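Under UniProt numbering, the first residue of the sequence shown is numbered 1, with each subsequent residue one higher. Glycine included, every Cβ here is placed at the ideal spot set by N, Cα and C. Computed from a predicted structure; not experimentally measured. Reading through the structure tokens given below for one structure.
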Amino acid sequence: MVKDGVLAAVLYVHHAGSHQWRNTEVELIGEVADRIWASIQRARADAALRQSEERFRQLTNLIPTFVWYVDPVGAVTFANDQWYTYTGITDEPPERWPELVFHPSERSASRAAWVHQLEVGVAFDIEARIRRHDGPYRWFLTRSVPVRDVEGRITGWFSAATDIHDRKMAEERFRRFAEHSANVLWLADLESGQLDYLSPAFAQVWGVPAEGMPDVASWLASIHPEDRDGVERALERVGHGETLVLKYRIVRTSDREVRCIRDTFFPISANDGHIRLVGGIAQDVTTDTSLRAYVIAVGDDSRRGLVGALQDAGYEVQAFASGQAFLKMAGSLMPGCVVLDLEEAGGIVVATELKASRSHLPVVAVGASGGDVGFAVRIMKAGAVDFLEAPWTLGALLFAVKTALAEIRDTAERTREHNESRDRVAALTARERAVLEGLLAGGTNKSIARTLGLSPRTVEIHRARVMEALGVRTLPEAVLIATAAGVRPAV
């Protein structure tokens, strides 16, 4: 038998006696030979398929991820051993898997996304939590790609799920830390030029909301011209894998104030080692030794009088013709004392709104009570730190402003210490914080272990991590930091 010009097989037919083969017999033998050959080819193909499937099964079982093969309509036809080991699924049919293992809060959305992508026919990713056989859920990233035949028709889907739980937890700890930190945490995409993340502290330090600075170019524009080249070079170096600390100045667009920033730049590598994202932790290290005051007075004469008196005493003064004009900028102003003319600036509304906004600006109010003995009390309750009855003296005004600024410095130092403590505590995991609360309550490793359902050895490990995260060596030091951060003992 010759196939494609090559001898493929020989069929030997024997007759017991002398025989003259007829054409019909030869044709029949040829037909039998073709059928035998086709059967052999099918058997070989089946054997090759079984071998291929076995190699595929063995290969997928070596991969530390879940692997599925799904038919064109979404029915699972294969899952590797890791899937069954992790989930504990045995005889349950694949159509029940979503309700058995996927987190209830994500089940519907994941199913809808899966159905939609089957219809669209393109590769896609889904992040979802999958239940382990003993109860806990872990985050997984599932990527699915279509398998097509030579004509482009989808014959199935190949899916693989990677455990990203530790990364998700790290992102959550980062988010909690960023929300509570007085420092600015930022992430930038070097390829797109976009700022992917700016923490809440950005508005206070830079003087503009995060949405007002969407990209790296606008961020670089905020940097002092004399320092800009150095920051650009730093970004380039970090993009090549370096971690470095740099001091630079920014010019706030809101009030043209210059602030000094200490920024720790670091690269963020992808799985393939490529650096596309860089991050930073920017700390405002401006040493504010200036005397600064903000005057709010509607009347020109009153405003000029207050501004002149304060400037003659060496204060840097910014004046506002209305309380509303001041309140619009209050959130981005540098620390200073507000001198509020009550008779012409709308009464106590400004002081009340500043107090409600937890502003860092103390208010010294000046005005006439008109014989109302409770007027000063109401002003102080509204948030003013002092009230000067008209006609006030220059000496009394300067003393009140000086006292208010001294309180700002004391408050700033207390706030700095509190923020440092809060940042350290915010970076703890939920389990580490529970151990810390147990320590504050006077618990031992054994008693905390009983309360949390852990082993004493596990508590000891968490305790060591807590001490490391808080930057302390002794329990009393840890107690001081935790108390400053507002942590309460476990009940």
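For residue j and residue i, believed in contact at Cβ under 8 Å, the rounded distance
i           : j           : result
residue 67  : residue 160 : 5 Å
residue 379 : residue 341 : Wrong, their Cβ atoms sit about 12 Å apart, outside the cutoff.
residue 558 : residue 283 : Nothing can be reported for residue 558, as the shown portion of the chain is limited to 1 through 491.
residue 432 : residue 490 : With 8 Å as the limit, residue 432 and residue 490 do not qualify as a contact, their Cβ atoms being about 13 Å apart.
residue 317 : residue 364 : Wrong, their Cβ atoms sit about 13 Å apart, outside the cutoff.
residue 339 : residue 366 : 7 Å
residue 426 : residue 177 : 5 Å
residue 10  : residue 1   : 7 Å
residue 348 : residue 396 : At roughly 20 Å, the Cβ-Cβ gap does not stay under 8 Å, so residue 348 and residue 396 are not in contact.
residue 114 : residue 74  : 7 Å
Cut-off 7 Å between Cβ atoms - residues of its own chain near residue i, not counting five sequence neighbours on either side
i           : result
residue 165 : 138, 139
residue 133 : 86, 87, 88
residue 453 : none
residue 162 : 65, 140, 141
residue 106 : 128, 129
residue 172 : none
residue 327 : 350, 353
residue 19  : none
Residue i (DSSP reduced to helix, strand or coil)
i           : result
residue 253 : coil
residue 487 : coil
residue 167 : helix
residue 261 : strand
residue 473 : coil
residue 267 : strand
residue 345 : For residue 345, the predicted model reports a pLDDT of 47, less than 50, meaning its position is unreliable and no value from the coordinates is stated.
residue 108 : helix
residue 79  : strand
residue 125 : strand
residue 132 : coil
residue 300 : helix
residue 279 : strand
residue 217 : helix
residue 37  : helix
residue 236 : helix
CA-to-CA distance, residue j to residue i, given in whole angstroms
i           : j           : result
residue 428 : residue 203 : 25 Å
residue 424 : residue 469 : 6 Å
residue 244 : residue 119 : 48 Å
residue 153 : residue 71  : 12 Å
residue 90  : residue 145 : 26 Å
residue 216 : residue 393 : 51 Å
residue 251 : residue 174 : 27 Å
residue 321 : residue 480 : 46 Å
residue 488 : residue 477 : 15 Å
residue 185 : residue 277 : 13 Å
residue 191 : residue 274 : 11 Å
residue 22  : residue 8   : 25 Å
residue 464 : residue 456 : 12 Å
residue 195 : residue 213 : 8 Å
residue 150 : residue 69  : 19 Å
residue 449 : residue 443 : 9 Å
residue 355 : residue 325 : 17 Å
residue 258 : residue 224 : 8 Å
residue 187 : residue 280 : 7 Å
residue 292 : residue 231 : 30 Å
residue 197 : residue 104 : 29 Å
residue 285 : residue 361 : 19 Å
residue 493 : residue 474 : Examination of residue 493 is not possible in this model, given that the chain is present from 1 through 491 alone.
residue 55  : residue 82  : 16 Å
residue 417 : residue 209 : 25 Å
residue 95  : residue 189 : 40 Å
residue 410 : residue 220 : 33 Å
Option in the options with minimal Cα separation from residue i
i           : options            : result
residue 127 : 121, 108, 421      : 108
residue 205 : 242, 253, 177      : 253
residue 421 : 294, 485, 457      : 485
residue 156 : 178, 96, 76, 212   : 76
residue 242 : 45, 307, 267       : 267
residue 80  : 158, 100, 96       : 158
residue 298 : 309, 377, 319      : 319
residue 306 : 471, 207, 390, 24  : 390
residue 218 : 193, 201, 199, 269 : 193
residue 337 : 182, 135, 406, 221 : 406
residue 180 : 110, 211, 201      : 201
Chain D within 8 Å of residue i, Cβ atoms only
i           : result
residue 388 : Checking the listed chains, one finds no chain D in this structure; it contains a single protein chain.
8 Å Cβ shell around residue i - same chain, five flanking residues per side excluded
i           : result
residue 117 : 124, 144
residue 447 : 438
residue 121 : 146, 154
Cutoff 6 Å; reference residue i; Cβ partners in own chain excluding five residues on either side
i           : result
residue 227 : 248, 249
residue 398 : 313
residue 246 : 234, 263
residue 229 : none
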